[in-house]
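In this text, residue positions in the sequence shown follow the numbering used here: the first is 158, and each later residue adds one.
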Amino acid sequence: MAEKCVLAYSGGLDTSVAIKWIAETYDVDVIAVAIDVGEEADYEGIRKKGEDVGAIESIVVDAKQEFFDEYITRAIAANLTYERKYVAFTALARPLLAKEQVRVAEEKGARLVAHGCTGKGNDQVRFEVSYAALNPELEVVAPAREWGMTREEEIDYANEHGIPVPVGKKSPYSTDTNLWGRSIECGIIEDPSQEPPEDAWEWTVSPLEAPDTPENVTIAFEQGVPVALNGQTMGGVELVGALNEIGGKHGVGRVNMMENRLVGIKSRELYECPAATIILEAHRDLESLVLDRETMHLKQHLELKWSELVYYGLWFTPLRRSIDAFMAETQKPVSGEVTVKLYKGRAEAVARTSPESLYDYSLATYGDEDIFDQSSARGFIELFGLPAKVASMVRGIED
Ligand code: ARG
């Protein structure tokens, strides 16, 4: 019996060619696994295509719920953001894709796993580090990195092997989509000196075309997890979908940035992430209301590190788990409601309430109800500034 290889399958040209190429090159049976993390695609069509182009078995896994429950909720807790702008949704999904692949490989007794990533990006790292952490026995095949075919050669190969090549005007862009966002690369976007053409964007309207009337959305959180939208309780997958819709209408969540890849290349990236933008805005705002100052300040440092780990593909590592344990503890009081105003590309928290609020009106007010004893500030400042004062007295005044 031939050995088996489990391929992460998207239904696109690269992974379709990969099915045939792996089978021929490695003399194995290929099992295609398409994993649904919220790209609205025709998964039955993809499954069928996997079989048609030569997989001995073609499987679709609906992982949307798991993506929300185990990955997006952690991303929210840690306010996942890479290099100030990227909500890292591609990075966030890769460990889950790898995990599902490894599970199928183990179930089917496959010794090989494969992905369609090139040798220039981050995703190859994320897949392979995850495979190794989850099952070190598996051998990795990376066809797009190994085959050395140009685009034309790949199309010839597809034609020779009866693999359907998309006809008509091909999109000039390469995209990657899941519940938490959509990325747009290639074509004219590779010239960072040019403003991207409007046709690159699909989820969001131009802020110029957005409604002239702002729209407020209210998000309720329970222990850091968004659980309701505008007073209506809903599951996470549904809630994120709804906010992608509403935010997109207002042109919220467009990102246009230069990014440092793990492999050392700088790249120009476009992202659309309306729901992530709105939810993170609301979540950060609620944290400001309910977290004590020092926890919040340390958390900001750890968010940076956590985001870097996730971007680097180090999900299945002790450090990611340890930081997550800290994040989980911080989320215990993060319950309440935040209203976010959506207006012409902007999403801004404008009101918030929480039973866990640490805001004390009688301490903060400058009005009649003030109970804050201002005289105690004097001693506080004296001791707080003492080290600075001593240093100046000993060494002279330096500025
Ligand atoms: N640069 C982003 C990342 O590395 C997005 C990549 C999307 N492209 C892709 N081929 N998956 O996370």
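Cβ coordinates follow ideal geometry from the N, Cα and C atoms, glycine included.
Is the distance from the Cβ of residue i to the Cβ of residue j below 8 Å?
i, j, result
"V507", "V491", "no"
"I376", "I320", "no"
"G202", "F224", "no"
"L148", "V420", "Missing from the structure shown is residue 148; the chain here goes from 158 to 556 and no further."
"I188", "A267", "yes"
"W358", "E429", "yes"
"T434", "A504", "yes"
"L269", "I192", "no"
"P323", "L164", "no"
"V261", "V185", "no"
"T238", "S340", "no"
"A432", "L400", "yes"
"E416", "E342", "no"
"S173", "G470", "no"
"A235", "E460", "yes"
"I403", "P300", "no"
"S511", "L446", "yes"
"R283", "R251", "yes"
"A290", "F537", "no"
"V394", "Q222", "yes"
"H440", "I213", "no"
"R477", "W463", "yes"
Can we count residue i as close to ligand 1, meaning its CB is less than 7 Å from some heavy atom?
i, result
"A289", "no"
"S424", "yes"
"G278", "yes"
"R418", "yes"
"E465", "no"
"D369", "no"
"T375", "no"
"E342", "yes"
"S331", "yes"
"T496", "no"
"T247", "yes"
If contacts are defined as beta-carbon pairs under 8 Å, then residue i and residue j qualify, I think. What distance do you get, rounded to the angstrom?
i, j, result
"K177", "V210", "6 Å"
"E366", "H407", "Contact doesn't hold; Cβ gap of about 10 Å is too wide."
"T332", "G410", "Going by Cβ atoms, the distance from T332 to G410 rounds to 15 Å, so no, they are not a contact pair."
"V297", "L499", "Not really, about 43 Å apart at Cβ, beyond 8 Å."
"M484", "R231", "7 Å"
"R509", "D442", "6 Å"
"F529", "L520", "5 Å"
"Q488", "Q380", "5 Å"
Kindly identify the DSSP beta-bridge partner or partners of residue i.
i, result
"N292", "Per DSSP, none; premise fails for N292."
"Y383", "Before going on, a small fix: residue 383 reads as Pro here, not Tyr. P383 is bridged to F378."
"V322", "Answer is none; V322 lacks a bridge partner."
"Q389", "L386"
"C162", "V187, L269"
"Y468", "For Y468, which the question treats as bridged, DSSP gives no partner whatsoever."
"I216", "V190"
"D333", "S340"
"E494", "A377, T510"
"M415", "R425"
"L499", "E372, A504"
"V297", "V270"
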